[in-house]
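Numbered per UniProt numbering, the sequence shown spans residues 1 to 125.
Notes to accompany the following structure.
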Amino acid sequence: MRARTSLAALLAAAGLLLPGAASAQQADGERLFRQRCGTCHSLEPGQNRTGPHLSGVIGRKAGSVEGARYSAALRESDIVWEGGTLDTFLAAPRQMVPGTSMTVGVPNAAQRAAIIGYLEGAVAQ
Ligand code: HEC
1 MRARTSLAAL LAAAGLLLPG AASAQQADGE RLFRQRCGTC HSLEPGQNRT
51 GPHLSGVIGR KAGSVEGARY SAALRESDIV WEGGTLDTFL AAPRQMVPGT
101 SMTVGVPNAA QRAAIIGYLE GAVAQ
């Protein structure tokens, strides 16, 4: 027993028990979402903060959450949120939607991919 436990500890320390790449990215996306988006966005339907809730955001028309405070620019845009549009928006929100009240972007493409992957997974559950 003791030997097995310490082998597991050793493997874990060596990084050999890390989850697969996909779930590692998922975990990364969750962490990044909490750090970079969670102050302003909830994933709970109906919970609007500074920004609209992002539950079911994939496939949703931009500016369409009831009760959320949107800029006219976003409400009147014809964007539908999916991987591609989210990537462009998150890279530079004000470049895609001049006049948007979301001003913070995620310049790092790998981080954007992780966050978008997390949002897609969160919707599928
Ligand atoms: C400082 C607050 C703040 C942060 C941080 C923030 N957002 Fe936003 N977000 C907003 C606001 C405000 C809006 C509404 C923008 C508008 O109406 O022009 C918005 C809008 C959005 C929308 C459009 C939603 C819709 O219903 O059309 C998406 C998608 C989005 N944010 C994703 C994110 C992601 C992902 C992150 C993290 C990388 C993030 N936001 C970080 C404030 C924030």
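C-beta atoms are modelled at their ideal positions from N, C-alpha and C, and glycine is treated no differently.
With a minimum length of 4 residues, the unbroken runs of alpha helix (DSSP H) contained wholly in the UniProt domain "Cytochrome c" (24–123) fall at 72–75, 83–91 and 93–96. Here GLY29 really is in contact with ILE115; their C-beta atoms are around 5 Å apart, less than 8 Å.
Residue environment analysis places ARG34 among the exposed positions, since fewer than 16 neighbouring C-beta atoms fall within 10 angstroms of its C-beta. The C-alpha of THR85 lies about 23 Å from the C-alpha of SER23. The beta carbons of PRO98 and ALA72 sit no closer together than 8 Å. Here the distance from the Cβ of ILE58 to the nearest heavy atom of ligand 1 is not below 7 Å. Note on ALA92: under 16 other CB atoms within 10 angstroms of its CB, so exposed under the neighbour-count rule. With fewer than 16 neighbouring CB atoms inside 10 Å of its own CB, ARG69 falls in the exposed class.
Separation of the CB atoms of ARG36 and VAL80 is rounded to 23 Å, and the pair is thereby denied contact status at 8 Å. Shortest Cα-Cα distance from THR88 to any of GLU44, CYS40, ALA109 and HIS53 involves ALA109.
Of all alpha-carbon atoms in GLU120, GLY117, MET102 and GLY121, the one lying nearest the alpha-carbon of CYS40 is that of MET102. A heavy atom of ligand 1 is found nearer than 7 Å to the CB of MET102.
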